[in-house]
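What follows is a short report on a single structure.
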Amino acid sequence: MLVHPEVMGVEALFEKMRKIPDWPEKGILFHDITPILQSPQYFRLLVDLLVYRYMGQKIDAVAGLDARGFIIGAALAYQLNVGFVPIRKKGKLPFTTVSQKYALEYGEAVVEIHTDALEPGAQVLLVDDLVATGGTMLAGAELIRRLGGKVVEAAAILEFTDLPGGQRIRDAGVPLFTLYQNEGCLPR
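One point on numbering: in our numbering, the residue at position 64 of the sequence shown is 1208, and numbering is uninterrupted.
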């Protein structure tokens, strides 16, 4: 049963997130989605809000970014009756992969996708929990493109507007949808 989005507002999801100062490093206000995932009502709201947005669109697969994008993306793929594709951190996938390096606030990282994860021309919804610098989302979009897929849209719960990630994603030609936008990742 879907929860209608008007029953509980998107703001409720943001308020349910746990805010942890100075994690993973000093000066960052981390937004933890585990309280949303632990609550059947809030987790259903999150998935249903995304299902309502995408249920009429042509989507062949949902790709989730390691690791919170797996949780949201798998539930969404199930509801949309499409396959789920994990995009994992380097060295975690057992089959032949394609890799993409990207910059973090404090270094570099690499994500990978299986070479047989998508059919050429696949319409893919890319999912993660939040958008900060945009590096992970852009790396995922590039992997999808390299396999011949097209990112229909990138989706997340939260976009930090005091960081450049959302604009970087849009400037790269990747449509971006976030349920909530907020200044609040960096200290005032």
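By construction, the Cβ of each residue, glycine as well, lies at the ideal position given by its N, Cα and C atoms.
May I have the straight-line CA-CA distance separating residue i from residue j, to the nearest angstrom?
{"i": "Arg1312", "j": "Lys1294", "result": "18 Å"}
{"i": "Tyr1198", "j": "Leu1224", "result": "8 Å"}
{"i": "Ile1177", "j": "Ala1221", "result": "19 Å"}
{"i": "Val1226", "j": "Leu1307", "result": "32 Å"}
{"i": "Phe1239", "j": "Val1206", "result": "19 Å"}
{"i": "Lys1160", "j": "Ala1276", "result": "19 Å"}
{"i": "Asp1260", "j": "Gln1267", "result": "15 Å"}
{"i": "Tyr1246", "j": "Pro1319", "result": "19 Å"}
{"i": "Leu1209", "j": "Gly1200", "result": "23 Å"}
{"i": "Arg1162", "j": "Ile1231", "result": "25 Å"}
Inspect the beta-carbon positions of residue i and residue j and report whether they are closer than 7 Å.
{"i": "Ala1300", "j": "Leu1282", "result": "no"}
{"i": "Glu1256", "j": "Thr1241", "result": "yes"}
{"i": "His1258", "j": "Leu1287", "result": "no"}
{"i": "Glu1297", "j": "Leu1269", "result": "yes"}
{"i": "Leu1262", "j": "Val1154", "result": "no"}
{"i": "Gly1309", "j": "Gly1284", "result": "no"}
{"i": "Ile1180", "j": "Leu1190", "result": "yes"}
My output table needs one value for residue i: the three-state DSSP class, helix, strand or coil.
{"i": "Lys1170", "result": "coil"}
{"i": "Gln1201", "result": "coil"}
{"i": "Ala1300", "result": "strand"}
{"i": "Asp1112", "result": "The chain is shown from 1145 up to 1332; residue 1112 falls before or after that span and cannot be answered."}
{"i": "Pro1184", "result": "helix"}
{"i": "Gly1231", "result": "One detail in the question is off: residue 1231 reads as Ile in this sequence, not Gly. In this structure, Ile1231 counts as strand in the three-state DSSP scheme."}
{"i": "Lys1160", "result": "helix"}
{"i": "Ile1257", "result": "strand"}
{"i": "Asp1315", "result": "helix"}
{"i": "Pro1308", "result": "coil"}
Flag residue i as yes when its Cβ comes closer than 6 Å to any non-hydrogen atom of the ligand HEM, and as no otherwise.
{"i": "Ile1216", "result": "Ligands are entirely absent from the displayed structure, and the ligand HEM is therefore not among its contents."}
Does residue i pass the burial test, meaning 16 or more other C-beta atoms within 10 Å, or should it be called exposed?
{"i": "Arg1212", "result": "buried"}
{"i": "Glu1327", "result": "exposed"}
{"i": "Leu1335", "result": "This structure does not reach residue 1335, given that the chain is present from 1145 up to 1332, and the question cannot be answered."}
{"i": "Gly1171", "result": "exposed"}
{"i": "Ile1216", "result": "buried"}
{"i": "Phe1214", "result": "buried"}
{"i": "Ile1203", "result": "buried"}
Name the two residues that bound the continuous beta strand (DSSP E) containing residue i.
{"i": "Gly1153", "result": "Note, Gly1153: premise wrong, no beta strand (DSSP E); not H, not E."}
{"i": "Leu1237", "result": "From DSSP, Leu1237 is part of no beta strand (DSSP E); its letter is neither H nor E."}
{"i": "Leu1320", "result": "Leu1320 to Asn1326"}
From what residue to what residue does the alpha helix (DSSP H) around residue i run?
{"i": "Glu1286", "result": "Gly1279 to Arg1290"}
{"i": "Phe1214", "result": "Arg1212 to Leu1224"}
{"i": "Gly1265", "result": "Taken as a continuous stretch (DSSP letters only), Gly1265 belongs to no alpha helix (DSSP H), as it is neither H nor E."}
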